[in-house]
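Reading the sequence shown from the start, the letters are residues 136 to 341 in our numbering.
Ideal Cβ positions, reconstructed from N, Cα and C, are used throughout, including at glycine.
This report concerns only the one structure given below.
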Amino acid sequence: NIGGGMPIRNSLGFEFDYKYMVKEIVSLILQACEEEEIPEPDIFTEFGKYTVGESGATIFSVLGQKLQNDAEMWYMIDNSLMTTLPDTWGISERFILLPINKWYNEYRRANIGGLSCDNSDYYNSEVHESQVYLPAYNPADPEPLYLGFFHTGAYQDAISGYGGIKHCLIPSPKHVIIYKNAQGNIVDKIYQPEQSAEEMMKILGY
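In structure tokens, the structure reads:
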């Protein structure tokens with residue numbers, strides 16, 4: 136068992152030679168076995184993030200924007216990065232970030248702020264390698280701007296969980312499953328609705 140550690144694509148510019156890496160791993164194990172004159176083993180891996188990371192995405196809508204220090208534009212989203220994507224806060228993990236709509240708007244540099252009152256609830260270039268550029272947001276536009284974080288299928292839900300009580304009483308978001316049915320059509324269904332305030336108050340004994 137050689138454990139985990141196989142990287143996953145976390146930006147559109149990510150490049151990694153997986154075939155070369157696998158070939159090197161197998162070659163080194165084979166070489167060690169030949170040198171020690173022991174049978175070749177079955178090789179087991181624990182590539183969790185590589186295996187399931189692409190299965191998940193997290194979508195936010197932008198509630199509003201604010202200009203700070205006459206220079207920094209902040210997009211405030213409808214949930215918390217700390218509770219839905221805890222690795223962005225805990226280990227400065229990056230994910231593929233793309234606008235879901237308004238692709239043809241002018242783009243601008245932006246910081247993303249979560250819904251909590253915590254000053255660590257943000258995603259921007261200070262804690263991540265590249266600048267964040269997103270479509271310009273017009274609060275008067277009736278169609279919200281939606282932002283998607285992709286390849287979030289590993290660890291984020293397991294760490295955050297669904298239900299219970301989270302930081303700042305922020306509810307667990309709606310969970311939707313998208314899959315291909317037997318006829319080959321892409322369909323979706325609600326796996327869990329957004330957690331309600333009543334559910335959280337009941338947990339707290341009210």
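- Boundaries of the beta strand (DSSP E) harbouring D323: I321 to Q327, taken from the DSSP string.
- Membership of G183 in the alpha helix (DSSP H) is indicated by the continuous run G183 to V187.
- For Y281, the enclosing beta strand (DSSP E) stretches over residues Y281 to F285.
- The continuous beta strand (DSSP E) containing Y210 extends over residues E207 to I212.
- Fully enclosed alpha helix (DSSP H) runs of no fewer than 4 residues occupy 221 to 225 of the stretch 220 to 282, in order along the chain.
- A289 carries a coil assignment under DSSP once its states are collapsed to helix, strand and coil.
- It is roughly 58 Å from the alpha-carbon of D177 to the alpha-carbon of P274.
- Taking all protein chains shown into account, Y268 has fewer than 16 neighbouring C-beta atoms within 10 Å of its C-beta and is therefore exposed.
- In this structure, L250 sits away from F284, with a CB-CB distance that is not shorter than 8 Å.
- Between S190 and G288 the beta-carbon gap is near 4 Å, inside 8 Å, which marks them as a contact.
- Excluding the 5 residues flanking it on each side, S196 has same chain C-beta neighbours closer than 8 Å at I212, D213, P279, L280, Y281 and L282, in chain order.
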